[in-house]
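The opening residue of the sequence shown carries number 3 in our numbering; numbering runs sequentially from there.
All C-beta atoms in this analysis are idealised placements derived from N, C-alpha and C, irrespective of residue type, glycine included.
In what follows, a single structure is set out as structure tokens and then discussed.
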Amino acid sequence: MLTALSTYYSSLFAPTGDPELASVGACRAVVRHLLQQPGSPGVIDLQPLDTGSAFYTCMQAALRAEGWWVDTYFCFGNWHLQVGGRSFDTYYPNVPSRLRNTIRRGRKKLDNGGAWSLEVQAEPGPALEAAIAAFDTIYRKSWKVPEPYPDFVPGLCRTAARKGWLRLGVVRLGGVPIAAQLWLVRDNRALIYKLAYDEEFKRLSAGSVLSAEMMRRAIDDERVVDVDYLTGDDGYKADWMSHRRERRGIVAFHPSSLQGLSSAARHFAGRAWARHRAAHASAAAAPAPADETS
Numbered sequence: 003m004l005t006a007l008s009t010y011y012s013s014l015f016a017p018t019g020d021p022e023l024a025s026v027g028a029c030r031a032v033v034r035h036l037l038q039q040p041g042s043p044g045v046i047d048l049q050p051l052d053t054g055s056a057f058y059t060c061m062q063a064a065l066r067a068e069g070w071w072v073d074t075y076f077c078f079g080n081w082h083l084q085v086g087g088r089s090f091d092t093y094y095p096n097v098p099s100r101l102r103n104t105i106r107r108g109r110k111k112l113d114n115g116g117a118w119s120l121e122v123q124a125e126p127g128p129a130l131e132a133a134i135a136a137f138d139t140i141y142r143k144s145w146k147v148p149e150p151y152p153d154f155v156p157g158l159c160r161t162a163a164r165k166g167w168l169r170l171g172v173v174r175l176g177g178v179p180i181a182a183q184l185w186l187v188r189d190n191r192a193l194i195y196k197l198a199y200d201e202e203f204k205r206l207s208a209g210s211v212l213s214a215e216m217m218r219r220a221i222d223d224e225r226v227v228d229v230d231y232l233t234g235d236d237g238y239k240a241d242w243m244s245h246r247r248e249r250r251g252i253v254a255f256h257p258s259s260l261q262g263l264s265s266a267a268r269h270f271a272g273r274a275w276a277r278h279r280a281a282h283a284s285a286a287a288a289p290a291p292a293d294e295t296s
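This is the structure:
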């Protein structure tokens, strides 16, 4: 089985180079080359992919042309903001009034709660290490599931800082870290990678206050053209973003291999069973017709 070089943390997979240069012919050549290798795969699974890319379309066509059985599947929703040359002051009124009021009240609560600070670390050094430690502390006190690989995020922060991509924001109240966000800025795009707040301080809305400031800096100071929430359909993301798209996967089975045949049988039978159950549930939920009386 051949799988994409993607992990739990991956928000997008694509071939190296410009994926828009992909063609059906080039993808067919890659597929044929794979079949010529010893131990060639009977199953190919690539995800998460941009459904609007040439690679997504061409790879499916190439696999089918080479005799593979192909299907696609949903990975996750992706919310993003097309800045369109706006300033933050022009963008912000489009944020729901409910959220703007939450941010205004949150800043007032922070002001009344004592000395508070908001910092954004971007460079290697002791201040960054303190911010990474603060992020870890906040994450462990948040609603988030513990990181499956606890060394990954600190390593990402240090690598991104060396490359100039990192924007690690932290809000502290009385010196205590209560909210943090990990953003990456590259190629005129801001990527919101991780965020969390301490549940004990939820009423202060420090996370929303931090989001507004990070957004302001990305739009006004960094002059990004796109802000991307990456993975997931969490409700709060729609408040900040303007568009939603889907990331999907491609799975393909080669019918001449035992692995391909057996995996295809399980996959397509499972899809058919899921459709049957959904149709049955829909029919069961439909209201019964009213009795007719003469």
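Check, Outcome
"Identify, in the order they occur along the chain, each residue of the same chain with its Cβ nearer than 8 Å to the Cβ of Met243, setting aside the five sequence neighbours on each side.", "Trp81, His82, Leu83, Val229 and Tyr231"
"Given this structure, state the Cα-to-Cα distance separating Glu125 from Thr5, to the nearest angstrom.", "35 Å"
"With DSSP as the reference, identify every bridge partner of Leu83, one or two as the case may be.", "Val229"
"When the distance is taken between beta carbons, is Trp71 closer than 7 Å to Phe203?", "no"
"So the alpha helix (DSSP H) Arg34 belongs to, where does it begin and stop?", "Val26 to Leu37"
"Count the other CB atoms within 10 Å of the CB of Val226; is the residue buried (16 or more) or exposed (fewer)?", "buried"
"Under a three-way DSSP split, which group does Glu22 fall into?", "helix"
"Taking the alpha-carbon of Ser258 as reference, which of Ala220, Val45 and Tyr11 has the nearest alpha-carbon?", "Val45"
"Can you name, in chain order, every residue of its own chain whose Cβ lies under 8 Å from the Cβ of Arg66, other than the five neighbours on each side?", "Val72"
"Output yes or no for whether 7 Å exceeds the beta carbon distance between Arg188 and Trp167.", "yes"
"How many Å lie between Tyr94 and Ser210 at the Cα?", "13 Å"
"At 4 residues or longer, what runs of the alpha helix (DSSP H) sit wholly inside the region 203 to 254?", "208 to 218 and 237 to 242"
"Ala56 by DSSP, collapsed to three states: which one?", "helix"
"So, does the region 46 to 58 touch the region 245 to 254, judging by three or more C-beta pairs under 8 Å?", "yes"
"Tell me which residue opens and which closes the alpha helix (DSSP H) that Pro156 is part of.", "Phe154 to Lys165"
"Would you decide whether Leu212 is buried or exposed? Buried here means 16 or more other CB atoms lie within 10 Å of its CB.", "buried"
"Would you mind sorting Glu294 into buried or exposed? The rule is 16 or more other CB atoms within 10 Å of its CB.", "Confidence at Glu294 is low in this model, with a pLDDT of 44, below 50, so its placement is unreliable and the value that follows should be read with caution. Exposed is the call here."
"Which complete beta strand (DSSP E) runs does the region 103 to 161 hold, if anything under 3 residues is left out?", "118 to 123"
"Name the residue from Gly79, Asp113, Thr104 and Phe137 whose alpha carbon lies nearest to the alpha carbon of Asp236.", "Gly79"
"Between which two residues does the beta strand (DSSP E) containing Gly272 stretch?", "No beta strand (DSSP E) holds Gly272; the alpha helix (DSSP H) holding it covers Leu260 to Ala287."
"For the structure I just gave you, are there three or more beta carbon pairs, one from the region 170 to 187 and one from the region 117 to 134, closer than 8 Å?", "yes"
"Are the CB atoms of Ser13 and Thr161 nearer to each other than 7 Å?", "no"
"Which residue's Cα is closest to the Cα of Glu201: Arg142, Ala132 and Ala56?", "Arg142"
"Using a Cβ-Cβ cutoff of less than 6 Å, which residues in the same chain neighbour Glu224 once the five nearest sequence positions on both sides are dropped?", "Val187"
"When you compare only the Cα positions, how much space is there between His282 and Leu260?", "33 Å"
"Taking the beta strand (DSSP E) that Tyr199 belongs to, which residues open and close that run?", "Arg191 to Tyr199"
"How should Val155 be labelled, buried or exposed, when 16 other C-beta atoms within 10 angstroms of its C-beta is the threshold for buried?", "buried"
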